[in-house]
Amino acid sequence: MKTYASFVFAGLAWGGCHMASAQVADTNLPAPQELTAEQDHKLMMELLKIDSLRPGANGMNRQAPNAANYDEAKANPYPTLPDPLVLKNGEPVTTPQQWWDQRRPEIVEDFDREVYGRMPSNVPKVTWELTSTSHEKVGEILVLKKELLGHVDNTAYPALSVDIQLTLVTPESARGPVPMMMEFGFFFGPRPGGPGGAPAPGRVSAKGAAPRPGPGGGPPAPTGPTWQQQLLEQGWGYATLVPGSFQADNGAGLTKGIIGLCNHGQPRQAEDWGTLRAWAWGASRALDYLETDPAVRAKEVGITGLSRYGKAALVTMAYDPRFAIGFIGSSGEGGAKLHRRTFGELVENLTGSGEYHWMGGNFLKYGGPLNAGDLPVDAHELIALCAPRPTYISYGASEGPGAEGQWVDQRGSFMAAVAAGPVYRLLGKQDLGTAEFPAVETGILDGELAFRQHKGGHTTGPNWPSFLEFAGRYIQGQKIPAPMD
Ligand code: GCU
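Here it is, written out as structure tokens:
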């Protein structure tokens, strides 16, 4: 049973003198439920009256009956995508105003209800605390580093406490506020105050998830400056958000973290948000902080992440129009890849007990009674929600030495970006400008929608110089002068 807030209002009026009312949490609220991911997943199946779910694609064993499909001839069983520019009532969308007032809200509603889940209306406030400031060096560049904690108000349910961990790095030499990239960071091992760190890219610790297959896939040995150094050299700063600090990366965590706090420790209802939407909420709260920090040009903050955090970065960009630019790394299924593609990872992988927590409850239906072709929206419309803002979709190569493999479905993500194009054009921007899948290391970078595959595996690493060039058309930092010799 889900229990909603039941406050005791202690507002008193005494002799004509009104005293401030205080909210006191109801001490009878139940403790957070302790469930395994399998138990919570089963509860959601029961709630949705689903008897069985189809198995996901197996990316590890080519002989398995459910081996992942990598045959283009079988990849498009649902070739017709929902049209982002046709209203539910069948009318075409021909003006930006129709997009903003009518069609965009329809698409958001579908993603809320059926795909990523709905952010509750009672999400408590976050108060940011600067916990430390230090002067450090990143490469040769002097930086100011701030550690912050975003305390979530838990007076309505004190059994859970939630803090968002955020680190901010800006160049010391900056004369004025700087643009900034916010990254969903990978952390190894638990961090103090958080429900646990995230696993390494490509490794899923949550039981039941298919590990990401593919040749190599590991990041190549670093050459040249790190992405952090590249940003600093261009006069940008960066912020790193710890997603696991406010929502754990597993189904067992759904009765805790920010999702659990809003549900007072009880399991989700069918329309409740999943972890990706919750991570995106955290990024928005971090941006709230950046808006108050005079070191930051808050209107020039971008969002980036890789893999599951690439999905989170795309969801963030789609839902919060304050993010100025997106760099979406290898987001695959649940991110930029079309759900309707039977290639690599599938909807059925996302609906299994290892990944379902990323999605809203209702999404489970599409791995059982319904299928990908029944979804009212698809990934091209998630990309379209980012319009008209510059959005760069990044992948590694599918084949070749050190490549990323095909699990992420580079081509299916390119197709989604192509199908998002009409919305960019309607809003007066330039889309990819081609429907022809580009060769590796051939960037499609001339418009506001960009796509590029590098050779370096499951990482955004080798695409950073190209992303920064793209970003530089919209946002300019103050370049740091080279040291005098
Ligand atoms: C698995 C999963 C992907 C995910 C990836 C990651 O491979 O199938 O959907 O993006 O893990 O986040 O590392």
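Numbering-wise, the working numbering puts 457 at position 455 of the sequence shown, and it's gapless, one number per residue. Don't be surprised by glycine CBs; every beta carbon is placed ideally from N, CA and C. The structure displayed is predicted, hence computed values, not measured ones.
Apart from the five residues just before and just after residue i, which ones in its own chain have a Cβ nearer than 6 Å to its Cβ?
i	result
Phe472	Tyr394, Leu447, Ala452
Thr135	Lys148
Ser400	Gln408, Gln412
Thr242	Thr169, Glu185, Gly187
Leu87	Val95, Pro424
Give the C-beta separation of residue i and residue j to the nearest angstrom, bearing in mind that I take them to be a contact with Cβ-Cβ under 8 Å.
i	j	result
Gly445	Ser468	5 Å
Leu303	Met182	Inspection of the sequence shows that residue 303 is occupied by Val rather than by Leu. Their Cβ separation, rounded to whole angstroms, is 5 Å, which keeps Val303 and Met182 in contact under 8 Å.
Leu83	Ala421	5 Å
Glu185	Gly307	6 Å
Ala338	Ala441	Not quite, the Cβ-Cβ distance comes to about 19 Å (not below 8 Å), so this is no contact.
Thr257	Leu37	6 Å
Arg270	Gly363	5 Å
Ala326	Ile477	7 Å
Val349	Ala386	The pair is not a contact, with the Cβ atoms about 20 Å apart (cut-off 8 Å).
Glu488	Arg115	As displayed, the chain neither begins before 3 nor continues past 487, which places residue 488 out of reach and without an answer.
Ile143	Leu50	About 52 Å; that fails the 8 Å criterion.
Leu384	Phe365	The pair is not a contact, with the Cβ atoms about 13 Å apart (cut-off 8 Å).
Using a threshold of 8 Å, state whether the C-beta atoms of residue i and residue j are closer than that.
i	j	result
Leu428	Trp101	yes
His359	Asn252	yes
Arg342	Tyr72	no
Val128	Arg287	yes
Gly92	Val171	no
Met319	Gly336	no
Asn60	Ala75	no
Trp283	Gly119	no
Pro173	Val154	no
Leu89	Gln104	yes
Ala176	Gly237	yes
His382	Leu340	yes
Arg56	Gly369	yes
Suppose you measure from the CA of residue i to the CA of residue j; what does that come to, to the nearest Å?
i	j	result
Gly226	Ile482	17 Å
Arg299	Asn124	29 Å
Ile52	Pro371	7 Å
Asp165	Asp290	15 Å
Val180	Gly398	29 Å
Val410	Ala77	13 Å
Leu292	Gly255	28 Å
Ile109	Thr97	16 Å
Ser54	Val117	19 Å
Gln480	Phe113	38 Å
Asn30	Gln41	25 Å
Gly430	Gly423	11 Å
Arg475	Ala66	47 Å
Thr436	Asn156	50 Å
Ser332	Gly259	26 Å
Ala200	Pro94	The predicted model places Ala200 with a pLDDT of 36, which falls under 50 and marks its position as unreliable, so this point remains unresolved.
Glu438	Gly375	24 Å
Val145	Asn373	50 Å
Pro392	Arg454	14 Å
Thr461	Ser396	9 Å
Glu406	Gly458	7 Å
Thr277	Phe248	10 Å
His137	Pro296	17 Å
Met417	Leu434	10 Å
Lys367	Gly346	20 Å
Ala202	Asp85	Because the pLDDT of Ala202 is 35, which lies under 50, any placement of that residue in the model is unreliable, and the number read from its coordinates should be weighed accordingly. Roughly 36 Å separates the two Cα atoms.
What do you reckon, is the C-beta of residue i under 7 Å from a heavy atom of the ligand GCU?
i	result
Pro409	It should be pointed out that residue 409 corresponds to Trp in this sequence rather than to Pro. Yes; taking the cut-off as 7 Å, the Cβ of Trp409 has a heavy atom of the ligand GCU nearer than that.
Asn252	no
Glu347	yes
Asn63	no
Arg177	no
Ser309	yes
Glu438	no
Asn60	no
Asn30	no
Leu335	Before going on, a small fix: residue 335 reads as Glu here, not Leu. Answer for Glu335: yes, Cβ within range of the ligand GCU.
Asn71	no
Ile68	Here the sequence assigns Asn to residue 68, which means Ile is not the residue at that position. The answer is no for Asn68.
Asn124	no
Ala373	Note on identity: in this sequence residue 373 is Asn, with Ala being the wrong assignment. No, the ligand GCU has no heavy atom inside 7 Å of this Cβ.
Asn351	yes
Once the 5 residues before and after residue i are set aside, which same chain residues still bring their CB inside 8 Å of it?
i	result
Pro194	Any answer about Pro194 is weak, because its pLDDT of 38 lies below 50 and its placement is not dependable; what the coordinates show is given next. Once the five neighbours on either side are set aside, Pro194 has no close Cβ partner at all.
Leu151	Trp130, Glu131, Thr133, Asp165, Ile166, Gln167, Leu168, Gly195
Leaving out five residues on either side along the sequence, give the residues of the same chain with a beta carbon under 7 Å from the beta carbon of residue i.
i	result
Gln232	Trp466, Pro467, Leu470
Gly312	Ile330, Gly331, Ser332, Ser333, Gly337
Gly262	Pro34, Leu162, Leu256
For chain C, is any of its Cβ atoms less than 8 Å away from the one on residue i?
i	result
Pro296	Among the protein chains of the structure shown there is no chain C, as only one such chain exists.
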